[in-house]
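Novice:
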Amino acid sequence: MIEILDGAKETVSFREHFGIRLYLNKETEDYPVHWHTAAEIIMPLENIYTAVVDDTKYVLDPGDILVIPSGELHQLFAPESGERIIMQFDCSLLYHLNGLDSTFHLLRPCLHITAEQNRELHDLLEPLLLDLMKEYFSKSILREASAYSMLIQFFVILGRNFMNEERRFLHSKNQKQHKYIDKLMEVCNYMNEHCTEDIQVEELAELAGFSKFHFMRLFKQYMGMSYYSYLNQHRIMHAEKLLIDPNLSVMEVAMSSGFGSLPTFNRVFKSYKKCTPSEYKCLHGNHTNR
1 MIEILDGAKE TVSFREHFGI RLYLNKETED YPVHWHTAAE IIMPLENIYT
51 AVVDDTKYVL DPGDILVIPS GELHQLFAPE SGERIIMQFD CSLLYHLNGL
101 DSTFHLLRPC LHITAEQNRE LHDLLEPLLL DLMKEYFSKS ILREASAYSM
151 LIQFFVILGR NFMNEERRFL HSKNQKQHKY IDKLMEVCNY MNEHCTEDIQ
201 VEELAELAGF SKFHFMRLFK QYMGMSYYSY LNQHRIMHAE KLLIDPNLSV
251 MEVAMSSGFG SLPTFNRVFK SYKKCTPSEY KCLHGNHTNR
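Numbered according to UniProt numbering, the sequence shown spans residues 1 to 290.
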């Protein structure tokens, strides 16, 4: 069950300051719409399990893996019987590792991994989660370090798989792939750190060492979205954290998140979150009179 729920916000209580909360869930109750600052990984072991993330329904078969980044609203629906791994963890502990911040961002709103869709990826991740679970419940020395090493490996595998999908490199020569990836990840990290600033495409192209139009084409090809969509998504992530603060008005959040006007902020926010910033504040139980 959800231990601490304030409005739609769940506060995850980590056991023994472990930074990871993992449990074998056999409960038959459904969990209402909620969110948390922790990221979440769900893998059914017996029977199906159903999740709704960003208004999309995912029916998970045993062995399927669902990764839900932090801050995403979701619902969970349990069958009459069954068992599943549910793991929540403080993803901020991994953000300082170069590239992982961008990896988490590109998984939004969630990632559903099945053996049918990608056998190779699934067969790498499923045993890793099972080993992580064993380590988590063990009494071994350095079990926390071991569990974190497996968690990092999990997202390293995901990140590499994401960047190495063949469809992203259809028009690139093999010897150029690593150079392009390194340059674009450098640009992504820069946007992650400076998303609240007035970033121009010419600045990003210069950082990558490409012409403006070559950069825009490569970014879309490799990242699966335009640089502007990536930048706006990161600004929305930043805004979500600020909207939780009842002392900040929507206008203050807009200006602090890199948006030049309130109408632009409202439009972009609603396109990504399917609600206005004001509705988001109410949904998360925070109100301001300003």
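In this text, a Cβ means the ideal position worked out from N, Cα and C, and glycines have one as well.
Buried or exposed: which applies to P277, given that a residue is buried once 16 or more other Cβ atoms fall within 10 Å of its Cβ?
Specialist: buried
Novice: Quick check on DSSP: helix, strand or coil for F210?
Specialist: Of the three classes helix, strand and coil, the one that applies to F210 here is coil, per DSSP.
Novice: Between the segment 50 to 67 and the segment 107 to 118, can you find at least three pairs of beta-carbon atoms closer than 8 Å?
Specialist: yes
Novice: Smallest Cα separation from E240: which of E186, T28, F215 and F269?
Specialist: F269
Novice: What span of residues does the alpha helix (DSSP H) with M43 cover, start to end?
Specialist: From DSSP, M43 is part of no alpha helix (DSSP H) but of the beta strand (DSSP E) over A39 to E46.
Novice: Rounding to the nearest angstrom, what Cα-Cα distance links Y148 and S140 in this structure?
Specialist: The C-alpha of Y148 lies about 14 Å from the C-alpha of S140.
Novice: Whose C-alpha, out of H96, E46 and G63, is nearest the C-alpha of residue 298?
Specialist: Since the first and last residues shown for the chain are 1 and 290, residue 298 lies out of range.
Novice: Going by beta carbon distance, what residues of the same chain come within less than 7 Å of E99, once the five residues before and after it are set aside?
Specialist: Residue identity differs from the one stated: residue 99 is Gly in this sequence, not Glu. So the qualifying residues of the chain are G159 and M185.
Novice: Check for me: the beta strand (DSSP E) holding E83 runs from which residue to which?
Specialist: Counting along the chain, the beta strand (DSSP E) containing E83 begins and ends at E83 to F89.
Novice: For Y58, which of helix, strand or coil comes out of DSSP?
Specialist: strand
Novice: Between H238 and the rest of its own chain, which residues show a CB-CB distance below 7 Å, the 5 nearest in sequence each way excluded?
Specialist: C195, T196 and S257
Novice: Helix or strand or just coil, what does DSSP make of N25?
Specialist: strand
Novice: As a quick exercise: from E193, I157 and G209, pick the residue whose alpha carbon is nearest that of D182.
Specialist: If we check each option's Cα against that of D182, G209 comes out closest.
Novice: Taking the runs of the alpha helix (DSSP H) that are 4 residues or longer, which of them lie wholly in the segment 70 to 152?
Specialist: 100 to 106 and 119 to 137
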